[in-house]
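A quick write-up on the structure given underneath.
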Amino acid sequence: MSKKTIIIAEAGVNHNGNKKLAKKLIDAAANAGVDYVKFQTFKAEKLVTKSLSKADYQKNNTRNADSQFNMLKKLELSETDHDELKNYATKKGVSFFSTAFDLDSIYYLKSLGLEHAKIPSGEITNLPYLRAISKNFKKIILSTGMAELFEIQDALNALLDGGTDKENITVLHCTTDYPTAMKDVNLKAMLHIQKELGVQIGYSDHTLGIEVPIAAVALGARVIEKHFTLNRTMEGPDHAASLEPNELKEMVTAIRNVEVAISGSGVKEPAKAELKNRTVARKSIVAAKEIKQGDVLTEENLTVKRSGNGISPMKWDKVVGTIAKSNFEQDELISL
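Rendered as structure tokens:
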């Protein structure tokens, strides 16, 4: 990863199992200027039991109480779909990425030549999964929704024990609720993760809007992940908590602007661009009224006004009480 913030546009399952819709999502991600467009790779049979109920947010967003299995089965992408979407993303100038949710999917994504692995929040306590990830991928992004700090440490240890270098792991603070209320973001927890675990940090966002990921970048996030959709009103588990294309583009622009804004030296000193404004913004000591040569300069016949190319008002006490060496018209800069 480069020094700039890596922005991952999470298409996830917002393609609704439709390859054409998936390509439109890639188009939107490329147009927004993100670094990666990310999907989800799984086989429903290997991910959930057939009787598992949906989460409440899934019931609300899909508008039915069907099982997780039936919902996910409709959202699968085939290996052929993955190949085609990866090639399509490359043509569009955006890198293809996907999250594996089972062991076979890990091996398949490895065969596609992907550089990074993304561990979703739900797999943070899955030791066989973590071992497979560390064995097959050099660079790893770990989401931490629902996790206690010790669970993150345990997952991190599993990756390190598997041979992953710590500098190749980025840990994302995350709140697993769709959408996440602002009061539940706890963004400073990202810094707590960094302090306690000594890892590169990022943020996976499920709030509405773009404010929180922008704030995360200002706090030091090196990776931002954000769900997006073509239309928030579409039926599906994640659409309601996703950005639409124009919002995604606005987020990318804002993040890049923030990166520039925080990239200075950190030393308080004038920017070169503002030095020219000193003479028009600062003030100098001027004559408050006509002053004759030989008059005593007093607080009554002196005042302070723009421009700032005369004697600084910070020298007021040195000027007051001296003798005028020449005549001064009202508003004329005083000289000694």
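Mapping of the sequence shown onto our numbering: residues 730 to 1065, in sequence order.
All residues carry an ideal CB built from backbone N, CA and C; glycine is no exception.
Span separating the alpha-carbon of residue i from that of residue j
| i | j | result |
| --- | --- | --- |
| Val946 | Leu901 | 12 Å |
| Thr886 | Leu948 | The identity of residue 886 in the sequence shown is Asn, whereas the question assumes Thr. Going from the Cα of Asn886 to the Cα of Leu948 covers about 25 Å. |
| Lys775 | Val996 | 54 Å |
| Leu1004 | Ala1016 | 26 Å |
| Thr904 | Ile991 | 26 Å |
| Arg750 | Glu896 | Note that residue 750 is Leu in the sequence shown, not Arg. Cα-Cα distance, rounded: 36 Å. |
| Asp1046 | Ile1040 | 12 Å |
| Ala910 | Val941 | 11 Å |
| Ile853 | Phe830 | 11 Å |
| Glu739 | Asn1038 | 55 Å |
| Thr873 | Asn1006 | 48 Å |
| Thr1027 | Ile984 | 54 Å |
| Asn915 | Leu838 | 32 Å |
| Phe825 | Lys924 | 31 Å |
Of the residues the options, the one placed nearest residue i, counting alpha carbons only
| i | options | result |
| --- | --- | --- |
| Val1025 | Thr904, Ala1053, Phe771, Glu998 | Ala1053 |
| Ala773 | Leu832, Ile881, Lys1001 | Leu832 |
| Lys820 | Lys752, Ala861, Asn747 | Lys752 |
| Tyr907 | Ala918, Glu880, Leu937 | Leu937 |
| Met800 | Leu1062, Lys779, Ile953 | Lys779 |
| Leu804 | Thr962, Gly762, Pro966, Phe957 | Pro966 |
| Leu856 | Val1048, Lys1044, Gly891, Ser971 | Gly891 |
| Tyr817 | Gly741, Ile870, Ala758 | Ala758 |
| Glu880 | Leu781, Gly851, Lys864 | Gly851 |
| Leu878 | His921, Lys917, Ala846 | His921 |
Own chain residues within Cβ distance below 8 Å of residue i, not counting five before or after
| i | result |
| --- | --- |
| Asp812 | Leu841 |
| Lys1021 | Ala1053, Asn1056 |
| Gly822 | Ala759 |
Rounded Cβ spacing between residue i and residue j (contact assumed at less than 8 Å)
| i | j | result |
| --- | --- | --- |
| Glu844 | Lys868 | 6 Å |
| Phe768 | Ser834 | Going by Cβ atoms, the distance from Phe768 to Ser834 rounds to 11 Å, so no, they are not a contact pair. |
| Thr899 | Ile943 | Contact flag wrong, Cβ pair sits at about 18 Å. |
| Met919 | Ala876 | That pair is no contact at about 13 Å. |
| Pro1042 | Lys1018 | Not really, about 18 Å apart at Cβ, beyond 8 Å. |
Sequence-distant residues of its chain with Cβ nearer than 7 Å to residue i (five each side left out)
| i | result |
| --- | --- |
| Lys802 | Ala773 |
| Lys733 | Glu988 |
| Ile755 | Val766, Leu814, Tyr817, Ala818, Lys821, Val823 |
Closer than 7 Å to chain B by CB, residue i
| i | result |
| --- | --- |
| Lys917 | The structure shown contains no chain B; it holds only a single protein chain. |
beta-carbon residue i near the ligand GTP non-hydrogen atom, thresh 6 Å
| i | result |
| --- | --- |
| Leu926 | In terms of ligand content, the structure shown is empty, and the ligand GTP therefore cannot be addressed. |
Spatial neighbours of residue i in its chain, beta-carbon cut-off 6 Å, leaving aside the 5 residues before and after
| i | result |
| --- | --- |
| Gln882 | none |
- Query: Is the number of C-beta pairs between the segment 795-810 and the segment 858-868 that are closer than 8 Å three or more?
  - Reply: no
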